[in-house]
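**Q**
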Amino acid sequence: MDTNKIESLIVSLFKVDGVKFGSFTLKSGLVSPVYFDLRVIVSYPEILKTVSDLVGEEVARHKAAENVDLICGVPYTALPVASLVSVTQGVPMVLKRKEQKTYGTGNLVEGSFSPGDRCILIEDVVTSGGSVVETADALRHIGLKVDHAIVILDRCQGADFHLARNGVGFTALIRMEQLLNVLLGKGLIDSRQRDQVVTFLAENQLFDPAFADVVSKKFLPRVKCPLSVKLVGIMEKKSSNLCLSVDLGGWEEVLEAVEAVGSKVCMVKTHVDTIGLKGVKVIAEFWGKLKALSIKHDFLIMEDRKFGDIGSTTLEQLKSKPFEISKWADLVTVHGISGPGVLTAIEKLGLGDKFGAVLIAEMSSENNIPSLLPEYKNLIYKMAEGEYSPLVAGFVSQARPLAGNSTPYALQFTPGVSLNSGTGGDGLGQVYNSVENAVLLRGADVIIVGRGILAQPKAEWTQVAEQFRTRGWAAFKERISSTFD
Ligand code: 5BU
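Positions 505 to 989 (this note's numbering) are the ones given, in order, by the sequence shown.
Pasting the structure below:
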């Protein structure tokens, strides 16, 4: 890469406020001393040309090595760059939508391609690399090969680690350290500003390779259900073990809450029969939108329907209109009271890895019957870890089974969680524990929170969810690191 061109690009970006120094609150709530807004480059044709020439040179290298058939810009900022590169390098482009269309062909990716085509992604700025991975997943889903991304600027907060784990190599035109050195060298920032950014980066790495090592080498090998493995992947990627229980009265409000909190959660839990959905069409529109949000924000959907009938009835309940739960949920809660037939029903759906169950071992409410019958709970734990374990993502419980280290590990989903340290109730039997109690003492892997977030004013939903996310994740890391090390 031409160092002079890169240096002058850094200076130009600084001059047009594509790079700013100060105090900026990021989408995640973090306060950063540096901010990048590469959207401005569309207003400066010379900068846009420089950027696309530099990206184009990289694409040309891949073209010469015959390992690129297509390129795709990660929406939106990189789209004009990708278009210019496509034209100048003669490499066709595909367009990935941010939201899936709910009308017409419903395509998430537009353009012509053949299965197996190799597609290089183009992105403006990476922090965690989450959008790149999301785009790679969507393109892989339709049969494309994606193993490389070209990025204009790497904030150096862990995207290299995250992308590598997801099978995406990447080339960055500019790395943070180089940017700081060039701007300092030209006297455009002072050493105090540089040091602030260096400290921020040291304190705000998004991935912890030591923890990731424990997860991939010791924790995940014991998890037998593919959907749980997927869920743990999402949890790590988003540093979140929070499940939003989206219990609101109207379906538009449900979608609004999911949009507000989606980036903070690994899962969303519904009670689809409580949100005023009328008619098969409206229900399908609702789950189509919920599914689109689950792709946008990357979370699983669990319908908390608590199936508990004999297998044949459960099978019909899962499939039948109006709710058609097996079409859109990834997981459903089930009682084990009728025996394993309920799991056979799930197997019979034939959805393989795409659909699974969470068994209710005990509930969170006062004097719930399973909590009074240890033998019942143990039988459910055994069901979760036994021959059906590939179908069972885990169990809902307030405590883990006592078990040795050789057993399969089923995830524990724990509702009744609040931010407060004392326990309390809702006057209708619900019992609450603090986040730390639930995760550290009771063994929750995923905390399920409804009113703790949604009973707050709407304007505070995101920020309260962020508190649950940070505390839940810190506790989860602590417990997993000490249990599996
Ligand atoms: P809350 O608002 O955080 O109390 O909501 C808890 C949610 O979890 C709610 O949807 C319940 O139906 C659900 N739940 C629960 O509270 N306790 C249980 O044991 C099970 C589910 Br199973």
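We treat Cβ as the ideally placed atom computed from N, Cα and C, and that holds for glycine.
Using 8 Å as the threshold, is the C-beta distance between residue 899 and residue 746 below it?
**A** Position 395 of the sequence shown, counted from the start, is the residue given in the question as residue 899. Position 242 of the sequence shown, counted from the start, is the residue given in the question as residue 746. Result no, Cβ atoms of residue 899 and residue 746 do not sit closer than 8 Å.
**Q** Under a three-way DSSP split, which group does residue 782 fall into?
**A** Walking along the sequence shown from the start, residue 782 turns up at place 278. In this structure, residue 782 counts as coil in the three-state DSSP scheme.
**Q** Should residue 938 be listed as close to ligand 1, given that the test is whether its C-beta is under 7 Å from any heavy atom?
**A** Numbered from 1 along the sequence shown, position 434 holds the residue referred to as residue 938. The answer is no for residue 938.
**Q** On the criterion of 16 or more Cβ atoms from any shown chain inside 10 Å, does residue 764 qualify as buried, or is it exposed?
**A** As a position in the sequence shown, residue 764 is number 260, starting the count at 1. By the neighbour-count rule (16 or more Cβ atoms within 10 Å), residue 764 is buried.
**Q** Quick one: Cα of residue 769 to Cα of residue 809, how far?
**A** The residue given as residue 769 occupies position 265 in the sequence shown. The residue given as residue 809 occupies position 305 in the sequence shown. Spanning the two alpha carbons is a distance of roughly 20 Å.
**Q** Just checking my contact of residue 630 with residue 651 at CB under 8 Å: how many whole Å lie between their CB atoms?
**A** Numbered from its first residue, the sequence shown carries residue 630 at position 126. Numbered from its first residue, the sequence shown carries residue 651 at position 147. Their Cβ separation, rounded to whole angstroms, is 16 Å, which puts residue 630 and residue 651 out of contact at 8 Å.
**Q** Let me confirm a value: residue 582 is counted as buried when at least 16 other C-beta atoms fall within 10 Å, else exposed. Which label applies?
**A** Position 78 of the sequence shown, counted from the start, is the residue given in the question as residue 582. Answer is buried; the Cβ neighbour count reaches 16.
**Q** Among 680, 674, 613, 544, whose alpha-carbon lies nearest the alpha-carbon of residue 659?
**A** Your numbering for residue 659 matches position 155 in the sequence shown. Per the Cα distances, 680.
**Q** What distance in whole Å lies between the Cβ atoms of residue 845 and residue 815, which are believed to be in contact at a cut-off of 8 Å?
**A** In the sequence shown, counting from the first residue as 1, residue 815 sits at position 311. In the sequence shown, counting from the first residue as 1, residue 845 sits at position 341. Correct: roughly 3 Å between the Cβ atoms.
**Q** Confirm the yes/no value for this check: CB of residue 769, any heavy atom of ligand 1, distance under 7 Å.
**A** Residue mapping note: residue 769 aligns to position 265 of the sequence shown, counting from 1. No, since every heavy atom of ligand 1 falls outside the 7 Å radius drawn around the Cβ of residue 769.
**Q** Over the uninterrupted alpha helix (DSSP H) stretch that includes residue 742, give me the two end residues.
**A** Against the sequence shown, residue 742 aligns to sequence position 238. Note, residue 742: alpha helix (DSSP H), 730-742.
**Q** So which of 962, 735, 826 has the shortest CA-CA distance to residue 790?
**A** By one-based count along the sequence shown, residue 790 stands at place 286. For residue 790, the nearest C-alpha among the options comes from 826.
**Q** Starting from the N-terminal side, write out each stretch of the beta strand (DSSP E) that is 3 residues or longer and does not extend beyond the segment 519-544.
**A** 523-529, 535-540
**Q** Would you say the beta carbon of residue 664 comes nearer than 7 Å to a heavy atom of ligand 1?
**A** Counted from its first residue, the sequence shown places residue 664 at position 160. Relative to ligand 1, the beta carbon of residue 664 is positioned no closer than 7 Å to any heavy atom.
**Q** Residue range of the beta strand (DSSP E) that residue 814 falls in?
**A** Along the sequence shown, one-based indexing puts residue 814 at 310. Premise fails: residue 814 is in no beta strand (DSSP E) and is neither H nor E.
**Q** Just to confirm my understanding: we take residue 588, look at its own chain, exclude 5 residues before and 5 after, and list those with CB closer than 6 Å. What are they?
**A** Residue mapping note: residue 588 aligns to position 84 of the sequence shown, counting from 1. The answer, listed in chain order, is 556.
**Q** Does the count of Cβ pairs from the segment 682-698 and the segment 517-528 closer than 8 Å reach three?
**A** Touching, yes.
**Q** Only counting runs of 4 or more residues, tell me where the alpha helix (DSSP H) segments fall wholly within the segment 688-733, in order along the chain.
**A** Complete alpha helix (DSSP H) runs here, min 4: 695-707, 713-718.
**Q** Expressed to the nearest angstrom, what Euclidean distance is found between the alpha-carbon atoms of residue 509 and residue 577?
**A** Counted from its first residue, the sequence shown places residue 509 at position 5. Counted from its first residue, the sequence shown places residue 577 at position 73. If I take the Cα positions, the gap works out to 22 Å.
**Q** Which parts of the segment 569-612 are runs of the alpha helix (DSSP H), unbroken and 4 residues or longer, counting only runs that do not cross its ends?
**A** Secondary structure in the segment 569-612: the alpha helix (DSSP H) runs of 4 residues or longer, each lying completely within the stretch, are 583-593 in chain order.
**Q** Report back the beta-carbon spacing between residue 980 and residue 943 to the nearest angstrom; my notes put them in contact at under 8 Å.
**A** Taking the first residue of the sequence shown as 1, we reach residue 980 at position 476. Taking the first residue of the sequence shown as 1, we reach residue 943 at position 439. At roughly 6 Å, the Cβ-Cβ gap stays under 8 Å, so residue 980 and residue 943 are in contact.
**Q** Pull up the distance between the alpha-carbon of residue 575 and that of residue 534, whole angstroms please.
**A** In the sequence shown, counting from the first residue as 1, residue 575 sits at position 71. In the sequence shown, counting from the first residue as 1, residue 534 sits at position 30. Using only the alpha carbons, I get a separation of about 32 Å.
**Q** Is it true that the segment 542-560 meets the segment 691-710, where meeting means three or more beta-carbon pairs spaced less than 8 Å apart?
**A** no
**Q** Candidates 511, 961, 624, 643: which alpha carbon is nearest residue 571's?
**A** Counted from its first residue, the sequence shown places residue 571 at position 67. Nearest option by C-alpha distance: 624.
**Q** Going along the chain, which residues of its own chain have a beta-carbon closer than 7 Å to the beta-carbon of residue 704, five neighbours each way excluded?
**A** Along the sequence shown, read from residue 1 onward, the residue named residue 704 stands at position 200. Answer for residue 704: 536, 537, listed in chain order.
**Q** Helix, strand or coil for residue 801, going by three-state DSSP, please let me know.
**A** For this step, residue 801 is matched to residue 297 along the sequence shown. Note: residue 801 maps to helix in three-state DSSP.
**Q** Please report the residue range of the alpha helix (DSSP H) in which residue 884 lies.
**A** Sequence index remark: in the sequence shown, residue 884 carries index 380 (1-based). Unbroken alpha helix (DSSP H) run through residue 884: 878-889.
**Q** In whole angstroms, what separates the C-alpha of residue 982 from that of residue 691?
**A** Your numbering for residue 982 matches position 478 in the sequence shown. Your numbering for residue 691 matches position 187 in the sequence shown. Going by the C-alpha atoms only, they are around 44 Å apart.
**Q** Considering only the alpha carbon of each residue, which of 591, 594, 566, 602 lies closest to residue 580?
**A** Here the question's residue 580 lines up with position 76 in the sequence shown. Nearest of 591, 594, 566, 602 to residue 580, Cα basis: 602.
**Q** Using only alpha-carbon positions, find the residue among 753, 801, 833 that is nearest to residue 637.
**A** To locate residue 637, count along the sequence shown from 1; it is residue 133. Measuring from the Cα of residue 637, the nearest candidate turns out to be 801.
**Q** Starting from residue 972, follow the alpha helix (DSSP H) in both directions and report where the run begins and ends.
**A** In the sequence shown, the residue the question calls residue 972 occupies position 468. Here the alpha helix (DSSP H) through residue 972 covers 965-988.
**Q** Classify residue 725: buried if its beta carbon has 16 or more other beta carbons within 10 angstroms, exposed otherwise.
**A** The residue labelled residue 725 in the question sits at position 221 within the sequence shown. Exposed: under 16 other Cβ atoms inside 10 Å.
**Q** Would you say residue 877 faces chain B, with C-beta separation under 8 Å as the test?
**A** Of the chains in the structure shown, none is chain B; there is only one protein chain.
**Q** In whole angstroms, what separates the C-alpha of residue 596 from that of residue 614?
**A** The residue given as residue 596 occupies position 92 in the sequence shown. The residue given as residue 614 occupies position 110 in the sequence shown. Approximately 12 Å, taken between the alpha carbons.
**Q** Between which two residues does the alpha helix (DSSP H) harbouring residue 758 extend?
**A** Working through the sequence shown from its first residue, we reach residue 758 at position 254. Counting along the chain, the alpha helix (DSSP H) containing residue 758 begins and ends at 755-765.
**Q** Please identify the residue among 785, 862, 977, 984 whose C-alpha is closest to the C-alpha of residue 835.
**A** Within the sequence shown, numbered from 1, the residue matching residue 835 stands at position 331. The option with the nearest alpha carbon to residue 835 is 862.
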